[in-house]
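With UniProt numbering, letter number 665 in the sequence shown gets 665, and the count goes up by one each step, no holes.
Beta carbons are placed, not taken as given, at the ideal position from N, Cα and C, and that holds for glycine.
Quick caveat: nothing in here was measured; it's all calculated off a predicted structure.
Read the structure below first, then the notes.
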Amino acid sequence: MENGMDMADLVILASIAVLTAGFFAWRNGCSVFGLFDNADKTPSSVNGKAAPPTTGTMSLDKATPASSSKKSLIKEASALTNGNGRLFVIFGSQTGTAEDLATRFVKEASDALGISALICDPEEYDLSELANWRSDGHKDLFGFFFSTYGEGEPTDNAADFYTWLMSGKGIGLDDTETDEEDAMVESQALAGLGYFVFALGNKTYEHYNAIGRRIDKRITKLGGMRVGERGEGDDDKSLEEDFLAWKSNMIAAIAKYYGVNATSSKSMRDCPHVPVFDVVSVPDAESVFSGEHSASHVRTWTPSGSDLDGFEILFNQVYKENKPATVFDAKHPFYSRIVASKTLFHKAYDTIEFSGKQMTTDNPPFWTVSGSKISIQRECYHMEFDLTGSGLVYHTGDHVGVWADNNPVTVNRLAAALDIKDLDRVIDLIPHPNNPLQNTKKPFPLPCTLRAAFTYYLDLSEVLKQYHLETLGKYASDESEKQRLFELSEDRQKYVDIVQNGCKNLAEILEEFKSVKVPLGVVLFELLSRVAVRYYSISSSSAETPEKLTITAVLVRYAIASAPALSDSKQKSKVVVKEGLATSCLQRKHLSGIIGDTNIDSFADTDKHCSVPTHYLPICIRTSTFRLPADTTTPVMMVGPGTGVAPFRAFVIERVLAAKQGKVVGSTWLFNGCRRKAEDDLYHEEFAKLQQMCKTENLKIDLRIHTAYSRDTAQKVYVQHLLAQHSDEIWDLLYTRRGYFYICGDAKYMAHDVSKALGTIAEKTGGMAEEGGKQWLKDIKTSGRYFEDVWSDPERCQITLADFDGVIYRISTPESKTVLLISVAIRCYAELERYGAASILKREYGQYFGGSTEPGYDVSLTIDLTTLPTDREPLIRAISLLKRNIMAAAFEAAFVAQQEGRESELMAIHYRDDEAIYVKALPDRVTVIFSTEFKDETDKIYGKVFLQEFVDARRQPSIQNAPQVLYSAREPPLELRGVSGLKDSNTVGYVTFVLFPRHFHGANAYDAISRIQLFRDYFHFHIKASKAYMHSRMRARVDNFLKVLNRAKPEKPDDQKEKKTASGKSFKRS
């Protein structure tokens, strides 16, 4: 049809209209909590997926199908006794930390303020009822304890609430961005809602505490009124200290909000402890849980036929569930059978020396003790889990969550410490009659046996927290033990030294403090945390094995020196070996198959309380954004040292499979790393076979494996060094061919170093300026071509930094977290060593200096944290002066020469690029000359003016005895005439100090050296500060001048001015 539209045009326009309407409906509030007038006609899911958003008008106070099955917050609130007010604390927690802090805070606040309180899991309560909250005459306050998870995402249990609160806008906005208006903002849905926030996160991640910050910002925008300051906890440093510092101020702010007086912490300590739960026996319970991580129903197990031929581990029997769940997830995990397991390390050990310590007498096959040394076997396991019949689907790059169980030895040890005679006693928890938190949720499935609780539900290896010690102190009958527990609960440093650094768990504390008789209910709910799910990167490809997944897990086992907790006596610390809960569980599963415990899975009566079969573990799948590009021709670069190689094994397998199917596959480069090729090079044989197959079969894929070995050579080589060696190819793959870049492993150091290496490649190979390189890195991240799957290792310290003179400092715990290595790299050390630096360091640091020097550094100090002196301040001060003491060598040598009445050589210290310090002693004086580089002519002028102040100041009678200061531009002073290598430039100046004996004799020498070393930085700081001051004055003068000009603008003619009528309406004359 001419000048008209055909059917195709109509279809396109109609599609655009529908998509546009859907988009705006979504932007205006569709969510899991989406509140629509026609919600009853909207299905909550389609084929197991979230239903698409429907159009309609959002109602802020109307429940949805998604929330209809949840508890009513209004109804629960009406059941609370008022007291001085009502407190509702909501937590978003992935591993239980936020829930733990929320529970602690509620208990302490309710005890201190006399208020009734409710702890709310947002997954269980309909929190859309917060909109237009009606307090019905009560004084209500809402607290939000929310963790940030992944890449700035809410935790699983808080996802629905977060989506509702943000009006369906997805991940939310950071503080630097502006929010858009929506229906909730326009209606001020949370107007007058009193609230406070404590955010939990980890500073090693980009979106630190993003969720807590966004929630705070959003509630304020919706009309909420925050009480006190927002708290923020850093799990990378000391979350506990952050929480404690915030808590005391927050309780005071809440007391002011309620208009009550808070009971002091000292008074609270003197009050008897009120348990949250009491334990009761239920011997006749019909349904008893025996380790299931689901409260929906009890699982029983019956034997079935064997189909295990060909696997590496042979089992006694295979088990299948009765009444399996239809959907398996984090709330109802699937019990997967371990079908294969093998070790990946070969004769790898960590050897640590503990001088002057009482060595462990335990000597299992996993470690050996020889004198003061202990050698611990390192292990890494490759495990395969069967998914047959589960309906679980994973994608390459996803994570698998595993619930571990405790070692029976650990269970029996705690039972003995608690004097429990019958671990098979069936128990339940009921609220203590005096507990103000009557609505507190039970911590795990009940009723169950004590053995099940200790084996499957509670983390027995967890280090006891500081506030736990006060609770234990209230149950100590011996006064000295009571006071010691109170002391440890109040003195943070002593707690860190003895309990935290000693990794003391509940059993170990109870074994020392024998008078403590704590009720079982307090142990099960308040002193032990729930076993948290441990997530592992899946190391198999779903394209190759959809019914089976694998993980790669390195065993966590280490030795520490643990001091006695009962007293501050000089009793020797004892060396103990600690294990990770999850990986030690995996090792037991592995060894039980190899050793062949023939009856380990058998039981007499399947109708009774049967434990989970040995070779089964509860698992769930967690989806990830760690994905290969859909276009197989896209180049891929992967960096994964250690077990960070796990997901990249899957990536490599999947790319090779695509090539075998005849597809063209882009460059596939893997940079992995380990200590030694012969010990811990993970999957090296498998990768070599894949590379050989690609060559033999002429597959269209460029597969390269680059491995960094950090201990095979004198100079340590890490993955970032390999990146630098291939900078040209990497720049071509990333910049020219727009490849994808992946990092998996340590977040704190490795990921940072790799990112820094890419920035260097952008500068040196790509020719970008420093800021341009940073922007390029940011661009590939925001464009979805840079992915990180990283974690932080709290057991190791590694900090590298530099000062203004280019001196590199490194603080690390390379072998043991109790042995600190402090290293310095200083470019002029060879010169300083010739002037006597080593003897000065030996004098100042004694036993801490003289050991092996860390490769790449000039000086290393080794500090054993378990043998620190009682008064640590002198040592801390000495370490902080390490650079000063190294640089002191030339000065001390010159002072000695002058005192002996002789002339010294001209000692040069080339401590910066194109700058140096020259020191020369004469019989009557010591001359110190600084050569300094000025950035531009302006700096030179400022510097000359500044130095003139030194000259003028000496004319004052009070400081006439100060050292003489001379300045010369370009031309070196007489002392340097004839010295080779001096720079001949207009940008060079020389500053000379003339020191006489009165300036450095006796005690004055130390201060003279300390101060004169800092002159160069002091000098250039004042130049920069002066320039900044002048610029700010100039900007202020310009602003004032612009205001004068603006006032001088001619006004509009009267007939063009707006005028107002008596009623306030505006008009202009026509």
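key: beta strand (DSSP E) segment containing Pro-399, residue limits   = A small correction: the amino acid at residue 399 is His; Pro does not occupy that position in the sequence shown. DSSP places His-399 inside the beta strand (DSSP E), whose first and last residues are 399-402.
query = For Leu-73 versus Glu-129, is the C-beta spacing smaller than 7 Å?
reply = Result yes, Cβ atoms of Leu-73 and Glu-129 sit closer than 7 Å.
task = Please state if the CB of Trp-133 and the CB of Leu-193 are separated by a distance shorter than 7 Å.
result = Against a cut-off of 7 Å, the Cβ pair of Trp-133 and Leu-193 comes out as a contact.
Exposure of Gln-720, with buried meaning 16 or more beta-carbon neighbours within 10 Å = So Gln-720 ends up on the buried side.
task = Return the bridge partner residues of Trp-669 from the DSSP annotation.
result = According to DSSP, which records beta bridges pairwise, Trp-669 is partnered with Met-637 and Arg-704.
Same chain, Cβ closer than 7 Å to Val-556, neighbours up to 5 away in sequence not counted = Here the set comprises Glu-579, Gly-580 and Thr-583.
task = Keeping to the same chain, check which residues put their C-beta closer than 6 Å to that of Val-951; ignore five residues upstream and five downstream.
result = Hits under 6 Å: none found.
Bridge-paired residues (DSSP) for Lys-71 = According to DSSP, which records beta bridges pairwise, Lys-71 is partnered with Tyr-125.
ask   = Just how far apart, CA to CA, sit Leu-308 and Leu-387?
value = Legend: pLDDT at Leu-308 = 39, less than 50; position of this residue unreliable, no value from coordinates given.
inquiry  = Suppose you measure from the CA of Ile-876 to the CA of Ala-77; what does that come to, to the nearest Å?
reply    = If you take the alpha carbons of Ile-876 and Ala-77, they lie about 53 Å apart.
query = Contact between the stretch 460-480 and the stretch 503-513: three or more CB pairs below 8 Å?
reply = Counting Cβ pairs under 8 Å, three or more are found: they touch.
request  = Output yes or no for whether 7 Å exceeds the beta carbon distance between Asp-789 and Ile-621.
outcome  = Between Asp-789 and Ile-621, the C-beta spacing is not below 7 Å.
query = In this structure, does DSSP put Thr-449 in helix, strand or coil?
reply = Thr-449 falls in the strand class under three-state DSSP.
request  = Could you tell me which residues DSSP puts in a beta bridge with Phe-930?
outcome  = In the DSSP assignment, Phe-930 forms a beta bridge with Ile-917 and Val-991.
inquiry  = Quick check on the burial criterion: 16 or more other C-beta atoms within 10 angstroms. Buried or exposed for Gly-989?
reply    = By the 10 Å Cβ count, Gly-989 comes out buried.
message = Taking the beta carbon of Gly-978 as the centre, do at least 16 other beta carbons fall within 10 Å, making it buried, or is it exposed?
response = Exposed, since its Cβ has fewer than 16 Cβ neighbours within 10 Å.
ask   = For Arg-378, which option in Leu-682, Ile-743, Leu-703 and Thr-870 has the closest C-alpha, if you only look at C-alpha atoms?
value = Arg-378 has its Cα closest to that of Leu-682, out of Leu-682, Ile-743, Leu-703 and Thr-870.
query = Could you give the uninterrupted runs of the alpha helix (DSSP H) lying entirely in the stretch 92-171, keeping only those of 4 residues or more?
reply = Complete alpha helix (DSSP H) runs here, min 4: 97-113 and 159-165.
message = Give me the DSSP bridge partner(s) of Gln-964.
response = Per DSSP, Val-994.
query = Three-state secondary structure (DSSP) at Met-693?
reply = Judged by DSSP in its simplified three-state form, Met-693 adopts helix.
query = Which residues in the same chain have their Cβ closer than 6 Å to the Cβ of Leu-239, if we skip the five residues on either side of it in sequence?
reply = Same-chain partners within the cutoff: Gly-233.
ask   = If we ignore side chains and look at the alpha-carbon of each, how far apart do Thr-545 and Ile-822 end up?
value = If I take the Cα positions, the gap works out to 47 Å.
ask   = In terms of residues, what are the limits of the beta strand (DSSP E) holding His-910?
value = From DSSP, the beta strand (DSSP E) with His-910 extends over 907-912.
query = Identify the residues that DSSP records as bridge partners of Thr-938: which are they?
reply = Beta-bridge analysis with DSSP links Thr-938 to no other residue.
ask   = Looking at Thr-927 and Glu-873, is the spacing between their C-beta atoms short of 7 Å?
value = Not closer than 7 Å, so no.
task = Could you tell me the distance, in whole angstroms, from the CA atom of Asp-712 to the CA atom of Lys-203?
result = Straight-line Cα distance between these residues: approximately 33 Å.
ask   = For Ala-650 versus Gly-96, is the C-beta spacing smaller than 7 Å?
value = Ala-650 places its beta carbon 7 Å or farther from that of Gly-96.
inquiry  = On the DSSP letters alone, give me the boundaries of the beta strand (DSSP E) that Thr-625 sits inside.
reply    = For Thr-625, there is no enclosing beta strand (DSSP E), since its DSSP letter is neither H nor E.
ask   = Should Leu-127 be labelled buried (16 or more other beta-carbon atoms within 10 Å of its own) or exposed?
value = Answer is buried; the Cβ neighbour count reaches 16.
key: Close beta carbons around Leu-690, own chain, < 8 Å, minus the five adjacent residues each side   = The answer, listed in chain order, is Val-652, Ile-653, Val-656 and Leu-703.
inquiry  = Considering Cα atoms alone, identify which of Tyr-349, Ala-416 and Leu-446 is closest to Ile-430.
reply    = Of the listed residues, the one whose Cα sits closest to Ile-430 is Leu-446.
message = So, with DSSP's three-state summary, where would you put Ser-281?
response = Ser-281: strand per DSSP, three-state reduction.
task = Note down the Cα distance separating Leu-392 from Arg-269, rounded to an integer number of angstroms.
result = A direct Cα-Cα distance of roughly 50 Å separates Leu-392 from Arg-269.
task = Please name the residue in Gly-150, Thr-148 and Ala-183 whose C-alpha comes closest to that of Leu-165.
result = That would be Ala-183, whose Cα lies nearest to the Cα of Leu-165.
Buried or exposed by the 16-neighbour rule on C-beta atoms within 10 Å, applied to Thr-606 = Note that Thr-606 has pLDDT 37, beneath the 50 cutoff, so the model's placement of it is unreliable and the number below is only indicative. For Thr-606, the number of other beta carbons within 10 angstroms of its own is below 16, and it is reported as exposed.
Length at least 4, wholly inside the stretch 701-765: the alpha helix (DSSP H) runs in chain order = Runs of alpha helix (DSSP H) with 4 or more residues, each lying fully within the stretch 701-765, are found at 719-725, 727-731 and 750-764, listed in chain order.
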